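Trainee: What follows is a structure written as structure tokens; I'll ask about it next.
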Amino acid sequence: MKIVIINYGAGNIQSIMFAIERLGYKAVLSNNPDEIKAADKVIFPGVGEASYAMKMLQESGLDTLIPTLKQPVFGICLGMQLMCNYSEEGNTIGLGIFDVDVVKFTSKVKVPQMGWNNIYNLKSDLFKGIAENEYMYLVHSFYAPICTETIATTNYELEYSSALENDNFYGTQFHPEKSGDVGEQILGNFLKL
Numbered sequence: 001m002k003i004v005i006i007n008y009g010a011g012n013i014q015s016i017m018f019a020i021e022r023l024g025y026k027a028v029l030s031n032n033p034d035e036i037k038a039a040d041k042v043i044f045p046g047v048g049e050a051s052y053a054m055k056m057l058q059e060s061g062l063d064t065l066i067p068t069l070k071q072p073v074f075g076i077c078l079g080m081q082l083m084c085n086y087s088e089e090g091n092t093i094g095l096g097i098f099d100v101d102v103v104k105f106t107s108k109v110k111v112p113q114m115g116w117n118n119i120y121n122l123k124s125d126l127f128k129g130i131a132e133n134e135y136m137y138l139v140h141s142f143y144a145p146i147c148t149e150t151i152a153t154t155n156y157e158l159e160y161s162s163a164l165e166n167d168n169f170y171g172t173q174f175h176p177e178k179s180g181d182v183g184e185q186i187l188g189n190f191l192k193l
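Just so we're aligned, residue 1 is where the sequence shown starts under full-length UniProt numbering, counting upward by one.
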């Protein structure tokens, strides 16, 4: 199986590569459109600021490529947020894969949300064998509200989408690669889709 992690200058790429290796697979890092199109599975990581990350995608043409991919694609954290219509972070137009806008938590809560929080209302093969209310690791100041594509929910100030799915596209606000055995099981489930 050919697994490509999209390399666009943003992300916690090493920890994802190590998690994939622990699952018994190898991944390659690439921003080459032909290599990404030829992959069996594509992982779209993200740590950083939305407008800068989108600029990096646009400079390499990946902003037009990613929405056309037909194989399973997994956006993590900022990767998931960039797959939405819009983000308040940097007033950023997203890739429009998930039909929801990303908004900022209010000042009523500590921002960023950093640490462990539970996921529930699990609704996808991505969560096969995962129990309700498992704890995942999150670091974020912006969130996707609940929408028709929500496949997991987390509560921090309010309920929001901790995972989204639309056809062959999946996204998690949490970091499966930093969430221990359960997170790696979710990553493994994605690689078996």
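By construction, the Cβ of each residue, glycine as well, lies at the ideal position given by its N, Cα and C atoms. Treat the numbers as computed from the prediction; the structure is a model and nothing was measured.
(1) Indicate whether V182 and E149 have their beta-carbon atoms separated by less than 8 Å.
(2) Pop quiz: I146 and Y160 are said to be a contact at Cβ under 8 Å. What is the actual Cβ separation, rounded to whole angstroms?
(3) Could you give the uninterrupted runs of the beta strand (DSSP E) lying entirely in the segment 146-170, keeping only those of 3 residues or more?
(4) Who are the Cβ neighbours of R22 in its own chain at under 8 Å, not counting the five residues just before and after it?
(5) Looking at the unbroken beta strand (DSSP E) that takes in N117, where does it start and where does it end?
(6) Does the pairing of the segment 130-146 with the segment 110-118 give three or more beta-carbon distances under 8 Å?
(7) Look at the alpha carbon of K37 and the alpha carbon of K108, and state the distance between them as a whole number of angstroms.
(8) Look at the alpha carbon of H175 and the alpha carbon of I13, and state the distance between them as a whole number of angstroms.
(9) Could you tell me which whole beta strand (DSSP E) segments of length 3 or greater appear in the segment 79-134?
(10) Are the segment 70-84 and the segment 36-54 touching by the rule of at least three beta carbon pairs closer than 8 Å?
(11) Decide if the segment 120-135 is in contact with the segment 91-98; the criterion is three or more beta carbon pairs, one per stretch, under 8 Å apart.
(12) Buried or exposed for Q58, going by 16 or more other Cβ atoms inside 10 Å?
(13) Roughly how far, in whole angstroms, is the beta-carbon of M83 from the beta-carbon of F169, given that I think they are within contact range, below 8 Å?
(14) Beta-carbon within less than 8 Å of L65's beta-carbon, same chain only, minus the 5 sequence neighbours each way: which residues are those?
(15) Let me confirm a value: L158 is counted as buried when at least 16 other C-beta atoms fall within 10 Å, else exposed. Which label applies?
(16) Taking buried to mean at least 16 other C-beta atoms within 10 Å of its own C-beta, is E132 buried or exposed?
(17) With distances taken from CA atoms, which of F18, D167 and G171 is nearest A152?
Mentor: So, to answer that:
(1) no
(2) 7 Å
(3) 150-156 and 158-166
(4) E184
(5) Q113 to I119
(6) yes
(7) 43 Å
(8) 11 Å
(9) 84-87, 98-104 and 113-119
(10) yes
(11) no
(12) exposed
(13) 6 Å
(14) P33, I36 and K37
(15) exposed
(16) exposed
(17) G171
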